[in-house]
Amino acid sequence: MIYTPTKKKTEFPGKFIYSNTLLLIANRQVAFKVMCTATFILCLLTSFAQKQKLASPQIVKVAVVMQDPRIPSMGNKRMHELFKTPGYTFQWNDPWKLAEQYRDSLNAISHGVVKYEFVKIYDENIFFTKLKNSTELLSLDKLVSLLSEPGWATLKKDGTQFDYNAFIQHYGFCEMRDRNEINEVWLWSFPYAGGYESTFAGENAFWLNSDPVTNTSCKDLLVVMGLNYEREMSMALESYGHRVESIMRKVYGRWDNKAADPNNWEIYTTIDKVSPGNAQVGNIHYPPNGNSDYDWINKRTVSTYADLWYSYPNIKREGKKAREVDCNEWQCSHSGYMSWWFRHLPHYKGINVKDGHLNNWWEYVVDYNAAMKKEQQLKNKHSKHLK
1 MIYTPTKKKT EFPGKFIYSN TLLLIANRQV AFKVMCTATF ILCLLTSFAQ KQKLASPQIV
61 KVAVVMQDPR IPSMGNKRMH ELFKTPGYTF QWNDPWKLAE QYRDSLNAIS HGVVKYEFVK
121 IYDENIFFTK LKNSTELLSL DKLVSLLSEP GWATLKKDGT QFDYNAFIQH YGFCEMRDRN
181 EINEVWLWSF PYAGGYESTF AGENAFWLNS DPVTNTSCKD LLVVMGLNYE REMSMALESY
241 GHRVESIMRK VYGRWDNKAA DPNNWEIYTT IDKVSPGNAQ VGNIHYPPNG NSDYDWINKR
301 TVSTYADLWY SYPNIKREGK KAREVDCNEW QCSHSGYMSW WFRHLPHYKG INVKDGHLNN
361 WWEYVVDYNA AMKKEQQLKN KHSKHLK
């Protein structure tokens, strides 16, 4: 079944959401801290905005595939309402709400330079998941049986894989992409669906936190985000962050935080652990003060030059003071750090004449081919000034 998307922005009590200026979280004490921090950041942004012009909003058209069917034999409830992860008591999240929160979050934390819009929504009871020892796609009845097994024994023993070629061909996503009807696909699915957090299909596709899908008819690049509604919104944002990391590594041709001549992407992701006293924004797993993966609640204080990224491409440290931060900077939470990290991504007009890349990194992330074409056009225009 295909739904006609609505333009209305929806907020959902009890879940955290992003607005254009701050992150709202259900816990009131945390929300107060977020508001205070957001007010400070907003002042910084207002100051820097006087010098730097935001990039123009870029519409990104999304086809959303919901694999959250109603199950007639179980009261016609949706899958997310019926199953729980073995060993846990929490209820799975409603993917219909998650999808809208995800869209609104990305639009907000990009400072509005990205405008995700749903152009197609598919409500499905067909799947493209196989057990690894089988060539057959799982039926609804078979999936219900597997998720009803104690401890998910078969799923854990046999493992699963996702048939991207069958998925893309079934919906005609390559044709939609090449006609510019869509830019990307968001697949919201159940645990053990077998897909990747993000992947590319299309000519000259490259690593997008997974190997690209081959043997498709796509001419242009098509992103497929694989999102698990068992997990919280912060995990979906983390998946998007790994997509950013893969693409920016491709743009700059390298990602080595120990390089003697670091490029701007390497500078952006610098952490204190690797370069003491020189931390910037960090990467998706490591905040600037992190000592290990996922170290978002570390209260260790470090000096960071993260604020410089609000005046990109002017990130010279001469005459600028670092600021002392610990995890309170992002409310010592996974979701808070995701928002903080994304908000620092360069999002301004023009091209950086020093490195030849766009001042708006979001353009590469949402449409790599179009961004590279624009980059070349601006290089030609500003060739006398490029170093």
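Just so we're aligned: 176 in the numbering used here is position 176 of the sequence shown, and the numbers increase by one with no gaps anywhere. Each residue gets a CB set at the ideal place from its N, CA and C atoms; glycine is no exception. From a predicted model like this one, the values you see are computed outputs, not experimental measurements.
Y268 and L106 have their C-alpha atoms roughly 19 Å apart. Restricting attention to N289, H344, G350, the CA atom closest to the CA of V274 is found in N289. The continuous alpha helix (DSSP H) containing A371 extends over residues 368-381. A straight line joining the alpha-carbon of D141 with that of E124 spans about 14 Å. With fewer than 16 other CB atoms across the displayed protein chains lying within 10 angstroms of its CB, E203 is exposed. Residue state for N263 is assigned as coil, using DSSP reduced to three classes. M176 is the residue among N93, Y252, W255, M176 whose C-alpha sits nearest the C-alpha of L222. Comparing alpha-carbon positions, the option among S311, D261, Y312, G241 lying closest to G282 turns out to be G241. Inter-residue distance for N133 and Q52 is about 55 Å (C-alpha atoms, whole angstroms).
Shown here, R323 sits in a strand according to DSSP, grouped into three states.
Excluding five sequence positions before and after W309, the CB atoms of its chain that fall closer than 8 Å to its own CB belong to Y268, Q280, V281, I315, H344, L345, P346, given in chain order.
Within the stretch 88-125, the beta strand (DSSP E) runs of at least 3 residues that lie entirely inside it are, in chain order, 114-123. Note: F200 is bridge-paired with V223 in the DSSP secondary-structure output. In the same chain as V144, and ignoring 5 residues on each side of it, the C-beta atoms closer than 7 Å to its own belong to I71, in chain order.
Cβ neighbours of E363 within its own chain (closer than 6 Å, five residues either side excluded): A371.
Between A63 and K120, the gap from beta carbon to beta carbon is short of 9 Å.
In this structure, P313 is the residue among K61, P313, V325 with its C-alpha nearest to the C-alpha of N263. Boundaries of the alpha helix (DSSP H) around H242: 233-252. Under the criterion of beta carbons closer than 8 Å, M338 and E184 do not qualify as touching, at roughly 19 Å.
A residue is called buried once 16 or more other Cβ atoms fall within 10 Å of its Cβ, and Q331 is buried on that count.
Annotated as distal: W255 and P191, with beta-carbon spacing of 9 Å or more.
Going by beta carbons, M233 and E197 fall outside the 9 Å limit. Contact annotation: V114 and V366 have beta-carbon atoms nearer than 9 Å.
Excluding five sequence positions before and after V325, the CB atoms of its chain that fall closer than 6 Å to its own CB belong to T304, given in chain order.
Restricted to the stretch 133-195, the beta strand (DSSP E) segments that are unbroken, complete and at least 3 residues in length are 160-162, 184-189, listed in chain order. Between the alpha carbons of R249 and K354 lies a distance of about 18 Å.
According to DSSP, residue pairing for R70 in a beta bridge involves R78. Straight-line measurement puts the Cα of E100 at about 37 Å from the Cα of A322.
The C-alpha of S73 is placed about 23 Å away from the C-alpha of N228. I351 and L138 have their C-alpha atoms spaced approximately 48 Å apart. In the same chain as V244, and ignoring 5 residues on each side of it, the C-beta atoms closer than 6 Å to its own belong to V365, in chain order. 9 Å or more divides the Cβ of C218 from the Cβ of D163. Taking K258 as the centre and dropping the five residues before and after it, the same chain places the C-beta of V274 closer than 7 Å to its C-beta, in chain order. The C-beta distance from N360 to Y368 rounds to 13 Å, too long to meet the 8 Å contact threshold.
Residue pairing for I59: DSSP places it in a beta bridge opposite K115. Counted as a single uninterrupted DSSP element, the alpha helix (DSSP H) harbouring H334 occupies residues 334-343.
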